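Engineer:
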Amino acid sequence: MVGPTRRREAVDHIQQSFEVGERRACRIMNQPRSTQRYKPKQPEQDKELIAELHRLACANPRAGYRSVTRLLRREGWKVNQKRVHRLWKQEGLKIHPRPARKRARGTAENSIQKLKAEKLNHVWTYDFVHDQTDDGSRLKWLPILDEYSRELLGLEVERSMKAEDVVEELKILVKQRGVPEYIRSDNGPEFVANAIKDWIEEEGFKTCYIEPGSPWQNAYAESFNSRFRDEFLNLELFTSLLEAKMLGEEHRYKYNHQRPHSSLGDMTPAEFASCCASPLRPTASVPKHSTNQKQPMLS
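Be aware that the sequence shown starts at 273, since it is given in my numbering, and climbs by one per residue.
#1: According to DSSP, is Leu417 part of a helix, a strand, or is it coil?
#2: Do Val340 and Ala329 count as a contact pair if the criterion is CB distance below 8 angstroms?
#3: Just verifying my parser: in three-state terms, what is the DSSP assignment at Arg375?
#4: Which of the three DSSP states, helix, strand or coil, is assigned to Trp349?
#5: Report the three-state DSSP secondary structure of Ile482 (helix, strand or coil).
#6: Is Asp284 helix, strand or coil by DSSP?
#7: Unbroken alpha helix (DSSP H) runs of length 4 or more, entirely within the region 319-368: which are they?
#8: Measuring only the C-alpha atoms, how far is Glu453 from Ile468?
#9: Residues in its own chain within less than 7 angstroms of Ala434 by CB, not counting five upstream and five downstream?
#10: Touch check for the region 419-433 and the region 390-406: three-plus C-beta pairs under 8 angstroms?
#11: Return the residue from the list Leu344, Ile300 and Leu392 that minimises the CA-CA distance to Ala549.
#12: For the alpha helix (DSSP H) holding Ser574, just list the boundary residues, first then last.
#13: Should the region 508-518 be called in touch with the region 536-544, which here means at least 3 C-beta pairs below 8 angstroms?
#14: Are Arg456 and Arg431 close, meaning C-beta to C-beta below 8 angstroms?
#15: Throw me the rounded Cβ distance for the Ala545 and Val429 pair, which I believe falls under 8 angstroms.
#16: Return the CA-CA distance between Leu519 and Gln448, expressed in angstroms with no decimal places.
#17: Since Gln530 sits in a beta bridge, which residues does DSSP pair it with?
#18: Under a Cβ-count criterion, where at least 16 other Cβ atoms within 10 Å of its own Cβ denotes burial, should Arg280 be classed as buried or exposed?
#19: Comparing alpha-carbon positions, which option in Leu359, Lys366, Gln308 and Leu505 lies nearest His523?
#20: Excluding five sequence neighbours on each side, which residues of the same chain lie with their C-beta closer than 6 angstroms to the C-beta of Ala297?
#21: When the Cα atoms are used, what is the spatial distance from Asp502 to Glu508?
#22: Look at Glu575 and Val438 and say whether their C-beta atoms are less than 8 angstroms apart.
#23: Give me the residue from Glu291, Met301, Asp406 and Asn459 with the minimum Cα distance to Pro487.
#24: For Ala389, which residues of its own chain have a beta-carbon under 6 angstroms away from its beta-carbon, when the five flanking residues on both sides are left out?
#25: Taking only three categories from DSSP, how would you classify Arg410?
#26: Taking the continuous beta strand (DSSP E) assigned at Val395, which residues delimit it?
#27: Does Phe500 pass the burial test, meaning 16 or more other C-beta atoms within 10 Å, or should it be called exposed?
#28: Figure out for me which residue from Leu414, Leu343, Ile482 and Gln489 has the closest Cα to the Cα of Arg531.
#29: Locate the beta strand (DSSP E) running through Ser306, then write down its first and last residues.
#30: Is it the case that the Cβ atoms of Gln362 and Arg338 are separated by a distance below 8 angstroms?
#31: Reducing DSSP to helix, strand and coil, say where Glu291 ends up.
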């Protein structure tokens, strides 16, 4: 159903394009002439809010009005979701479409029920995401997350990556963050290589492998990878590996410090982590998740 504002625009378009009078254009659009001549007064505050909506929609092309409402509140706006939704529709703002893609679907029991993160540094997770530069050359991304805080601890990208490269990235994070208790992954050759297994054993933490052919047992990584491709990879055209590295680090900062998560009470991962922070292998200071869990699949 087209509203009066859109019909006004349509009447104006008909008048200009077909050189007809207002009366005839209104009759075509079934628009009363009194409604056509009415000039609604936009509250000054709405004008400022609309400008901010357009800015946020441009900066976050895959965000809907709910996500934008959370971003507005973080900026200090006192707005409710209904008002944002009304202005969002009024301005014709939409989530930018994404390219259709096939998606793997697992059917096995979700291993998050077998090992659920209950504190910072309890469970890390990692997986590869593949992309390419504008000349078709391969890019291989390695995001590493803390499952409890959803924090993107590391985001490395190279043309190719071996088990030894994964170990080097983990060494950096362990030095910065401390040793996790578990690290979850699929059974990719880089993750099951002896180089990784031996180093993890030396550091004193354990692996948690999902069942072969069951990517959804690594649900946090799969969820992040989907968002990562949707909100970043599909919107960028990398001209070089160096550009991918620079933009990737910008995205990591934005994800950790500027993107609120509804599952974290609309806090960013960095804010949530700071609320739970304590020494190595900390116990979260927020209420724990359910402890009803099965035994993890350990290497």
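Positions of the beta carbon are idealized from the N, C-alpha and C atoms, including for glycine.
Please read all numbers here as calculations on a predicted model, not as lab measurements.
Structural biologist: Here's the rundown:
#1: Within the sequence shown, the letter at position 145 stands for residue 417. Correct three-state label for Leu417: strand.
#2: The residue labelled residue 329 in the question sits at position 57 within the sequence shown. The residue labelled residue 340 in the question sits at position 68 within the sequence shown. Yes, the Cβ-Cβ distance between Ala329 and Val340 is below 8 angstroms.
#3: Numbered from its first residue, the sequence shown carries residue 375 at position 103. Model confidence at Arg375 stands at a pLDDT of 39, short of 50, so the residue's coordinates are unreliable; what they give is reported in the following sentence. The answer is coil: DSSP assigns Arg375 none of H, G, I, E or B.
#4: What you label residue 349 is simply residue 77 of the sequence shown in a count that begins at 1. In this structure, Trp349 counts as coil in the three-state DSSP scheme.
#5: By one-based count along the sequence shown, residue 482 stands at place 210. Coil, per DSSP.
#6: Position 12 of the sequence shown, counted from the start, is the residue given in the question as residue 284. Here Asp284 sits in helix by DSSP.
#7: 337-346 and 353-362
#8: Counted from its first residue, the sequence shown places residue 453 at position 181. Counted from its first residue, the sequence shown places residue 468 at position 196. If you take the alpha carbons of Glu453 and Ile468, they lie about 15 angstroms apart.
#9: Here residue 434 refers to the residue found at position 162 of the sequence shown. Correcting the residue identity first, residue 434 is Lys in this sequence and not Ala. Cβ neighbours of Lys434 beyond the five flanking positions: Glu462.
#10: yes
#11: One-based indexing of the sequence shown puts residue 549 at position 277. Nearest C-alpha to Ala549: Leu392.
#12: Nothing in the structure corresponds to residue 574, since the chain is present only between 273 and 571.
#13: no
#14: For the purposes of this step, residue 456 is identified with residue 184 of the sequence shown, where counting begins at 1. For the purposes of this step, residue 431 is identified with residue 159 of the sequence shown, where counting begins at 1. Their beta carbons are not under 8 angstroms apart, which means Arg456 does not touch Arg431 by this criterion.
#15: Counted from its first residue, the sequence shown places residue 545 at position 273. Counted from its first residue, the sequence shown places residue 429 at position 157. 23 angstroms between Cβ atoms; not a contact.
#16: Here residue 519 refers to the residue found at position 247 when the sequence shown is read from its first residue. Here residue 448 refers to the residue found at position 176 when the sequence shown is read from its first residue. Cα to Cα, the separation comes out at about 22 angstroms.
#17: Position 258 of the sequence shown, counted from the first residue, corresponds to residue 530. None, per the DSSP bridge assignment.
#18: By one-based count along the sequence shown, residue 280 stands at place 8. Result: buried.
#19: Looking up residue 523 in the sequence shown gives position 251. Selected option, being the one with the closest Cα: Leu505.
#20: Residue 297 sits at position 25 when you count from the first residue of the sequence shown. The answer, listed in chain order, is Val283, Ile286 and Gln287.
#21: Residue numbering aside, residue 502 sits at position 230 when the sequence shown is read from its first letter. Residue numbering aside, residue 508 sits at position 236 when the sequence shown is read from its first letter. Cα to Cα, the separation comes out at about 10 angstroms.
#22: Residue 575 lies beyond the residue range present for the chain, which begins at 273 and ends at 571; the question has no answer from this structure.
#23: Stepping through the sequence shown from its first residue, residue 487 is reached at position 215. Selected option, being the one with the closest Cα: Asn459.
#24: Indexing the sequence shown from 1 puts residue 389 at position 117. Closer than 6 angstroms at Cβ, skipping near neighbours: Val395, Glu419 and Tyr420.
#25: Residue numbering aside, residue 410 sits at position 138 when the sequence shown is read from its first letter. Arg410: strand per DSSP, three-state reduction.
#26: Start at 1 with the first residue of the sequence shown, and residue 395 comes out as number 123. Counting along the chain, the beta strand (DSSP E) containing Val395 begins and ends at Val395 to Tyr398.
#27: Within the sequence shown, numbered from 1, the residue matching residue 500 stands at position 228. When all chains shown are included, Phe500 counts as buried.
#28: Numbered from its first residue, the sequence shown carries residue 531 at position 259. Ranking Leu414, Leu343, Ile482 and Gln489 by Cα distance to Arg531 puts Leu343 first.
#29: Residue 306 sits at position 34 when you count from the first residue of the sequence shown. Element bounds for Ser306: not the beta strand (DSSP E) but the alpha helix (DSSP H), Arg305 to Arg309.
#30: By 1-based counting over the sequence shown, the position of residue 362 is 90. By 1-based counting over the sequence shown, the position of residue 338 is 66. No, Cβ-Cβ distance for Gln362 and Arg338 is not below 8 angstroms.
#31: Taking the first residue of the sequence shown as position 1, residue 291 is located at position 19. Of the three classes helix, strand and coil, the one that applies to Glu291 here is coil, per DSSP.
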